[in-house]
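Working notes for the structure below.
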Amino acid sequence: MSSTFFGLTIAGKALSAQQIALNITGHNIANADTEGYSRQQVNMTTTYPYTVVASGKNMSQGSGVTIDTIMRARNAFVDKQLRSETSTQEYWGAKETGLSEIESAMNEPTDYSLSSDLSNFWNSWNNLADNPEDSGTRSILVQRTLTLTDSLHAISDQFTEMEANLNTSVNNQITDINDYTDQIAELNKQIKRAEITGDTPNDLYDNRDLLVDKLSKIVNVTVTEGIDGSYPNGKVNTYDLAIGEPPQTLVSDAGVVKELKEVTTTDGSGNPIKVLQLDGTILTLGNNMGSLQADRELRDTYLPDLQGKYDTLAAGIASAVNSIYGTTTKFFTTSDSSTTITASNITSSVAAADIVAGDGTSGDGSVAAAIAALSEGWSSISGTDLDGFKAKYGSSLVDSYSATVAKLGADLQQATRMKKGQEALVANLTTQKETVSGVSLDEEMINLTKYQKSYSAAARLVTMMDDLLDTLLGMGMTK
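Numbering follows the numbering used here, in which position 456 of the sequence shown is assigned residue number 509; successive positions increment by one, without gaps.
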């Protein structure tokens, strides 16, 4: 037979369970706008029944309610997909940003671009061919030559500045990765200590997942979870975090934390290259994954290649013009002690009065005409290996530069298209995640009302049991 106070025990359990449910609902409402927070839900279960004897048989009588678990709403499959697609989105976003800055530096096509400066330069030589002795025409040529060389210098300087900015960005992202790594490792320790006691530290899980989400924007991440069999309750999990392709462990469940660094080494040809290392082991990042990969590609491959094309263009202009201009005096030289003309050092110091326009006879502009013809190709160059010239500088200076501009435009269009596609995919996955994990204030208000009503009913049960006990105790009283 159950105790006289058994009803109060059931009511007490109900009050306790509903109070916890109300607290969790309040916690959800309070964190509705907290970044990375996952909605928590209370799972209640009946307590172990009490056996009573009735009609000569044993029967189970319910003994109330208790909180079984407080779980966070989360879909691991969607989390994995979202992190992967976010890495790809951030890659293309960073690529688009970098290529847009390069396009702005090149300023094509506008009236103030290098294409325009080249066109004005050739036209000035053409005008000089028609008016070889005109001082005004000569002055204009000097000015347009200065404009051309200044444009090449400016573009080269901007590329150098972009490379420095990208280098800073890479270093900052590596610092962020190491900071996130340390925080995740510390959270792993806290979570492990809580799980050993049978707790489910949902807020700590959220904090860790938020850091992994942030990490996935920089590099591709791989999370591996399992059950730690060394603990009998089966509720202690293992957690390993890896980055790169193939994945290399960044944080292990055993507490090993690796530091990411970028170091300079040499390739097979002895050229200096920068590589990523995890505790001395070279790390390869996944293709098209994370903003770090995009910035390193722009800094180490794209910008040097583009700078090389501009250096080749400057050298081609100088070599072609100088080969026609004469053997005793060079029209283009370097601004430093180097003998190699590049976009950063090309210059011309020929005065207007000293410009050679022809063979020296009155009215002859054959030299100027031959230089002007370079805008169409190399046929005006005499005494030079034309095949070798074409192999080194392309079919013409104009075609070579146009191809460089066209490739940049195509690369930027691809980056923009891919980024927009990824944005749509990430937005869809984010909606799926929010459907599961996000806090709906409407739903929480419904839960708040439900738990409040249940709490009130349990309190009414206490009052009723109190009345019954008063009646029972009053039966033994005498006047």
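The beta-carbon is built from N, C-alpha and C at its ideal position, and this holds for glycine as well.
Backbone secondary structure at residue i - three-state DSSP
i, result
"asparagine 324", "coil"
"tryptophan 296", "One point to set straight first is that residue 296 is isoleucine, not tryptophan, in the sequence displayed. The answer is strand: DSSP assigns isoleucine 296 an E or B state."
"alanine 101", "The sequence shown places tyrosine at residue 101, not alanine. Here tyrosine 101 sits in coil by DSSP."
"serine 113", "strand"
"methionine 528", "coil"
"alanine 107", "strand"
"glycine 361", "helix"
"valine 223", "helix"
"threonine 381", "coil"
"lysine 314", "strand"
"glycine 430", "coil"
"leucine 338", "coil"
"glutamate 278", "strand"
"arginine 125", "strand"
"valine 195", "helix"
Sub-8 Å separation of residue i and residue j beta-carbons
i, j, result
"leucine 181", "leucine 194", "yes"
"alanine 367", "threonine 395", "yes"
"methionine 112", "valine 118", "no"
"serine 455", "glutamate 429", "no"
"arginine 191", "alanine 405", "yes"
"tyrosine 363", "isoleucine 208", "yes"
"isoleucine 424", "valine 479", "no"
"tyrosine 144", "asparagine 341", "yes"
"alanine 74", "serine 490", "no"
"glutamine 475", "threonine 100", "no"
"glutamine 301", "threonine 334", "yes"
"threonine 87", "threonine 253", "no"
"threonine 414", "serine 402", "no"
"serine 168", "glutamate 161", "yes"
"leucine 336", "leucine 329", "yes"
"isoleucine 237", "valine 265", "yes"
"glutamate 298", "glycine 323", "no"
beta-carbon residue i near the ligand FAD non-hydrogen atom, thresh 7 Å
i, result
"threonine 318", "In the structure shown, the ligand FAD is absent, as is every other ligand, since no ligand is present at all."
Through-space distance from residue j to residue i, alpha-carbon basis
i, j, result
"glutamine 134", "aspartate 348", "23 Å"
"valine 316", "glycine 343", "19 Å"
"isoleucine 155", "asparagine 224", "21 Å"
"serine 283", "threonine 291", "11 Å"
"valine 272", "glutamate 138", "11 Å"
"threonine 488", "isoleucine 82", "16 Å"
"threonine 381", "leucine 356", "36 Å"
"glycine 79", "alanine 511", "20 Å"
"tyrosine 446", "serine 166", "20 Å"
"lysine 66", "aspartate 235", "42 Å"
"serine 305", "alanine 85", "32 Å"
"aspartate 170", "asparagine 179", "14 Å"
"threonine 469", "methionine 215", "20 Å"
"glycine 411", "asparagine 398", "27 Å"
"threonine 163", "alanine 459", "14 Å"
"phenylalanine 130", "glutamine 485", "11 Å"
"glutamine 360", "glycine 369", "14 Å"
"threonine 319", "alanine 421", "47 Å"
"serine 115", "glutamine 243", "It is glycine, not serine, that sits at residue 115 in the sequence shown. Distance between the alpha carbons of glycine 115 and glutamine 243 is about 37 Å."
"leucine 461", "asparagine 173", "23 Å"
- Item | the region 514-523 / the region 69-76 touching (three or more Cβ pairs under 8 Å) | no
- Item | At least 3 beta-carbon pairs within less than 8 Å: the region 205-219 vs the region 242-262 | no
- Query: Is there contact here, the region 249-268 with the region 75-95, by at least three beta-carbon pairs under 8 Å?
  - Reply: yes
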